[in-house]
Amino acid sequence: MLAMEAFIEHYKHYTAVEQAWLCEVYTGVCDWLHPVVGESLGVLEEQLAHAVVLSLQRTHHSLPISYRFVSVAQLISTQRSSCFSSLTWSTNQHREWSREVEQHLPSHKALSRANLIMIGLLCDGRDSAQCDGSWRVRDASGSVHCEVLSSSPLWLGRLMLFPTWNYISDGCLELIDSPVCVTPDLTAFDPGGSMSDVIGVKQAARLLRQNEGDSTIPVLVTVPECVYWRQCVYKEYEEAQVHDGPVRTKLSKIISYRGRITGVRDAEAGLYEIDGKMLLCLAYQPVRKWGGGLRPGAEIELHNVHFLFRPSPNTPDVVLCACLRSTVFVTTFSPLRSKVTLQRSDSPLVRFLLEKNLSLSEYLWLCYCHTALTDRLCPRWVCEARMCVVAGRILQFVLGDKDMTTKRDIYKEMLQDTHTCPLTQYRVSSSSMSLYSVKQLCDWLEKESWACLSLSLLLPSSACHMTQAQLNPPLSWSAHTYTMSQTHTLANTYIVLVGVLELSVGGATVRLMDKTGAIDCVCVQSSTSEQCGSIDTAWMGCLVCVRRCTLVMERFMKTNFPSWKHLDQHRYITHKHCRVYICVCVDDLHILSPSTAMSSLIRERENEREMERPMKRKRKEKGREDKEKSFLHHNQPERIRATAERREEEGDGGMEVDECIAGPSQTCRRRETKGTSAESCVSLLFYVHSKQGVAFRNVQSTNEAHVLTLSFVVKATRLGDLQVWDRDPKNRSVEERETKGAEITMELQFVDSAVRWFPLLQPGTVYRLIALHTQDVAVLSYSCVSMRGGVSLLSNPALLIQSKWRIHTLTPPPLLSQPEIKRVMSVSEVLHASSADVISFFGVISERITLQEETSKTPSVQSLISTKEDVMETGLRVRLTLQDVESPHHTLQVYLDLTLNAYTPGLITGATVHLYHFQRKVSVVCNVYCCSLPISCVTVSGLGSVKPRPPPPIMHLGEWASVRAEHSIMGQVRGHVVCVLSLRLQWTCSLCESIFKQAACTRLCPPCDSTSAVFQAEAKVAVEDGTGEAQVWFPTETLANLLLLDESEWEGLQRLVRVKGHVRIYARGRSMVCDVDPDDPLVQYLCCVCSSSAVCRYITLTCKLRFHKPEKAQLRKKFKNLMSAEGSEDVLTVKVEHAHY
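Here the sequence shown stands for residues 12 to 1152, numbered as in the working numbering.
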């Protein structure tokens, strides 16, 4: 107290308020400053306090009593937000400065002003053994990192007053004005030694390059204690050098630049935005602690940086990149408030860049992936610490087999006169890989599905002759596909998709998910396989990358177009929506992070490889010994070759399991080693024979007893007794005890949410069913499931699958006996089969047609009404035309009734499908077709293109009539037109299909007010080729060529027919007659044309054979002379598809 009174005695003429403020300053000097510099300077507390007050008065021109003197510790602990403080700036100066910088960046606000006084010791960190080149402000309470715009080595070790500075709340002091020395004595405190060690640093720095003419010798400073020199070295820079290069691969330019930071892209990655139009990359420089200096609003100066134009499509066109030879300075600190993210010295992105020696384009794409995936996957599926590993795996997957382990010579990059570094040469990006989120993909697909729609392309060439009932069904459904490896969503942009595979909740599909949404996936085993597609249960939960797949857009519309002339009027479209999904081959799924089950599967496969290697080596050694006995002169070469083979085997790691894959499995091993087991469970092994389709059935559910519930049934064989486990076995190999016991045929019933297992269960596969958190085997015991009234639903024992149970796909041991499953037939075998029973077959969809809805029939299941989230079709019935996989000319029509079934994605043209439990039928005209049953199941096993049909074979009419099994085959017929048997021309009302005369429909009861009509015509012609004769039907679009009428004559004929509405002539003897108005000029003209020798000529027809059985004996007698088969009651009839005249 006496010392403070003596100190205040010097200021007794000051006011009481000023004296109180001086007492606080004195206390702060005694507590925070004198313990640091008092002993080295040899000054008393009172002397040091007088020096501080004198410095404040000289700087502020008076006592700054409105300012508060704070220590470093108080500044860090109490100042929660970033602030600005200045002893020299007036309020107007600060307000004008803030207004100016806010105009450049309107989205940011200036730092708030705080009246604080900061005095401390400037040091370079050598006292704390941190020789990283950064400077710090220290007092007795602690230290804080600081950034200086212009520095002098004479400041180090001196007690300084900082007039103007910014404090960044993350722990950084930005010194805007030069500090004022509080103790201007020549001797200053220096923990590293006397001031003679640092005096002359600037002079020494100028000698780092000794010039002799045009020659220079670079000097590399490697002493850690001298790293702080870099802030004091005087710099001289040469002019920027400009290099020209090719268009695709260029040489970067070396430039100097000064600008303002307008944004921080990714501080950890070293990416900043300059002047709102350029990107600055600091990742290739040694890591420097910038603190908060690189914030929006800061002005920077760059020297010897690389100028690159369009190195990546994910960044601005101009990128400035600093290498080991570049220098970056902050010339003006930012006065703006902004979020500060300090650049970490252990940034995983920068570490990956250095380890893999990435080019700038690759590094920028890596940062793009890291940012995108962090938003979409963290923290639900991937923790942030492992996200760089995932992004790196995507980069390696996209780059393919490129070598990413090239070593760099950093000393040459810094010192060699002809400067070369990873940034010297770069590739101009003309295309890019766009990492789409699931929502982005779905939105783009929905938009593209309607943008590429052309209604006229959905209709056949005969659309202009179709009535309303014929025109609208082909428009009700259509599909459009893209191959993602060849898809350009934008200009030269390819899609890469990343997500987690999971089963849909309440549905029967596999879905690819991220935080933005989910999309259905049709997963197949092989894109070219003819076998049933399947996906292992171990894939569920895997984070995968998809680069090649098929994007599918199915469009559903309800339309009532009167005729083809109204297709451009969208008011006739009453409803439309689309389904989007992807079809991907399992081989094209690249695992980025596996599920626990997949890790176990990979580990087991690796163990199998390890077990096979010794056996393989023994076989080779035995073969070599036998060969040595017979061929002794080959001894030395064989030994060398065997040694090389053994080394190759030992070095073969099999399937690589790196950190990203082995993480979960290693964790499991550690848990097992420590004895920490999961809860017990029970399981059973079963083999799938067949499964039914997912449909709404009246079965017992856990939620409600008697409602229509989504369900399916699997017929399976239990392969052994029920087992109890201490921990969940998941998909580990089958143990011997699991196969002991009697095999029992049973049915597994999947109801409600359990139907999610449908896409993973395939006939001919072994599975393990697990009930968790129990040791009671009775929960997996089968029972009889009954319906109302106690009626038994199933003949075999049944087990109702609970939603919490788990199923795992297993690889059965070789000795495990597996029942045989029923063989799946081909389309050709179905056509030639003699029985009409329930069959299973496969084929390729060549055509899909939506059958016309029965408007008078209400939907059978009201829960199938469309919803915004999950669209379910109501009353959907389709007809599929299936090609035989080996013989595309063999086709079969399949009728699907989906009114009670969940919609099956993937039923589009080109898809290979397996159809189980369909009924084979034969129509009255001998056409073979198949119909779905309530138990029918459809599985899509692959997507491709429809195989082109081979040219139709040339058929003889006599032989064709006898080959009844081949009646659906297209054929070419070369013959002569004997005569025209009948010709019908009429205008038909497009609404009611009555005869349309002049401009009105002729229907009277009830009257039709339609104003649209279509022209329809048909001719029946007798054709013979020397082996037989047949009746050939010519549709509307082929009649003009048959009658040898040009376009104007054909249109004129249509106008004349419209006056009458309907004209029909037929053959009577050798003449053509008409029952109505035979003297009409139009009738006489048509009779003349049909009887002319020009029509009765040699023609080549492409047509399809069909059998027709007339009901009247008179018709058989009338055309008996046209039949080639004697005594046959069948009339050989063919319909023309295409004619060559």
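Ideal placement from N, C-alpha and C gives every residue a C-beta, glycine not left out.
All figures in this text were calculated on a predicted structure; none of them were measured in a lab.
Pairwise C-alpha distance: residue j and residue i
i     : j    : result
G39   : V48  : 14 Å
G1039 : S993 : 20 Å
N368  : T382 : 20 Å
Q894  : I781 : 41 Å
L165  : C192 : 10 Å
S744  : A753 : 20 Å
D732  : V693 : 11 Å
Q436  : I593 : 39 Å
T950  : A706 : 14 Å
C589  : V939 : 33 Å
T429  : K264 : 13 Å
CA nearest to the CA of residue i, picked from the options
i     : options                : result
L434  : R419, S445, R79, S448  : R419
C475  : S1001, C1098, P963     : S1001
G403  : M425, C389, C378       : C378
R46   : S77, S82, I19, Q68     : The amino acid occupying residue 46 in the given sequence is Pro; Arg does not appear at that position. Answer by Cα proximity: S82.
T728  : T720, N742, N807       : N807
L486  : K587, L406, V509       : K587
G131  : E617, A151, C34, F852  : A151
V1145 : I1006, W971, V409      : W971
D181  : L371, E35, E615, R91   : R91
H967  : Q30, D1036, I812, L862 : D1036
L772  : W736, G552, A519       : A519
R69   : S943, G704, T99        : T99
I602  : V710, M551, E617, Q580 : M551
Proximity below 8 Å, CB of residue i to CB of residue j
i     : j    : result
I850  : V841 : yes
I919  : V597 : no
A333  : I272 : no
G854  : V924 : yes
S722  : V766 : yes
P5    : M289 : Nothing can be reported for residue 5: it is not among the residues displayed for the chain, which extend from 12 to 1152.
R149  : H156 : no
V557  : S460 : no
E565  : A490 : yes
T1113 : Q904 : no
L347  : Y447 : no
T822  : A549 : no
I584  : T561 : no
Own chain partners of residue i with C-beta closer than 6 Å, once the 5 adjacent residues on each side are dropped
i    : result
W575 : A474, C475
A27  : none
For residue i, the first and last residue of its enclosing beta strand (DSSP E)
i    : result
V989 : 981-1000
C532 : 528-535
D277 : 264-277
M757 : 755-762
C292 : 289-292
C948 : 939-954
Y437 : 436-438
V889 : 888-894
G917 : First-last for G917: undefined, no H or E at that position.
Cut-off 7 Å between Cβ atoms - residues of its own chain near residue i, not counting five sequence neighbours on either side
i     : result
V521  : L512, L514, C532, C534, I546, P770
A1028 : R995, L996, T1047, L1050
W392  : V511, L554
Endpoints, alpha helix (DSSP H) assigned at residue i
i    : result
A423 : Residue identity check: residue 423 is Lys in the sequence provided, not Ala. Taken as a continuous stretch (DSSP letters only), the alpha helix (DSSP H) holding K423 covers 421-426.
C34  : 27-39
S51  : 45-52
Contacting residues, own chain, Cβ-Cβ under 8 Å from residue i (five flanking each side not counted)
i     : result
E667  : The predicted model places E667 with a pLDDT of 36, which falls under 50 and marks its position as unreliable, so this point remains unresolved.
Q296  : G281, A333, C334, L335, S337, V339
V1147 : V1043, W1044, F1045, P1046, T1049, L1112, T1113, C1114
Proximity test, Cβ basis, 8 Å: residue i and chain C
i    : result
W392 : In the structure shown, chain C cannot be found, because there is only a single protein chain.
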